[in-house]
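Peer 1: Please read through the structure below; I'll follow up with questions.
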Amino acid sequence: MEKLGLNFPLLLFQLINFGILVAVLYSLLYKPITNMLRERTERIESSIKESDQVKQQLARAKQDYDTRMAEAKQEAAGILAQAQQRAKAQEAEIVTQARQDAERIRAEARVQAEREHDQMMRDAKSQLTELVVLATRQVLQSEMQTQGHEKLIDSVLADLARQN
Numbered sequence: 215m216e217k218l219g220l221n222f223p224l225l226l227f228q229l230i231n232f233g234i235l236v237a238v239l240y241s242l243l244y245k246p247i248t249n250m251l252r253e254r255t256e257r258i259e260s261s262i263k264e265s266d267q268v269k270q271q272l273a274r275a276k277q278d279y280d281t282r283m284a285e286a287k288q289e290a291a292g293i294l295a296q297a298q299q300r301a302k303a304q305e306a307e308i309v310t311q312a313r314q315d316a317e318r319i320r321a322e323a324r325v326q327a328e329r330e331h332d333q334m335m336r337d338a339k340s341q342l343t344e345l346v347v348l349a350t351r352q353v354l355q356s357e358m359q360t361q362g363h364e365k366l367i368d369s370v371l372a373d374l375a376r377q378n
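Residue 259 in the working numbering sits at position 45 of the sequence shown, and the numbers go up by one each step.
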């Protein structure tokens with residue numbers, strides 16, 4: 215080996231030093247680095263699992279939200295339909311009541327008009343009777359002359375005009 219320029223004891227010593235260096239580096243650097251990388255890998259995997267769980271929870275929450283929103287929309291539609299039905303029923307009731315009130319008012323007005331008409335007829339008959347009695351009295355008291363008749367007629371007409 216000397217021909218090659220190699221010193222065997224030095225080579226052996228360098229190999230042992232290299233082995234010791236590898237062992238020291240392995241124990242001081244490689245193990246901590248691999249442990250750190252393994253822990254990092256585990257943390258990343260754990261984070262990925264947590265992320266997947268969060269995604270699943272989010273998907274379930276969204277599905278639950280969508281379900282609740284659909285139920286709320288259906289409930290709102292039902293409430294709106296009930297309110298519309300109640301409004302229509304109240305409208306029909308109000309219209310019916312208004313018609314009944316209008317008919318009652320018309321009937322009362324008709325009765326009142328008939329009473330007033332009857333009262334006016336009684337008053338007219340009474341006035342007419344008084345006028346006939348008055349005219350008859352005047353005719354009987356006055357002379358039966360033509361001029362007297364004309365005077366009597368003018369007087370009765372004037373009395374009628376004053377009373378009306």
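Ideal placement from N, C-alpha and C gives every residue a C-beta, glycine not left out.
One question on the structure: do residue 366 and residue 352 come within less than 8 Å of each other, judged by their Cβ atoms?
Peer 2: yes
Peer 1: If you run the structure through DSSP and keep just helix, strand and coil, what is residue 379?
Peer 2: This structure cannot settle anything about residue 379, because the visible part of the chain is limited to 215 through 378.
Peer 1: DSSP three-state label for residue 218, please.
Peer 2: Here residue 218 carries a coil assignment [DSSP, helix/strand/coil].
Peer 1: Nearest-angstrom Cα distance between residue 328 and residue 338?
Peer 2: 15 Å
Peer 1: Are the beta-carbon atoms belonging to residue 341 and residue 377 less than 8 Å from one another?
Peer 2: yes
Peer 1: What's the gap between the Cα of residue 350 and the Cα of residue 331?
Peer 2: 28 Å
Peer 1: Could you confirm whether any beta carbon from chain D is found closer than 8 Å to the beta carbon of residue 244?
Peer 2: In summary, chain D is missing from the structure at hand, where a single protein chain is found.
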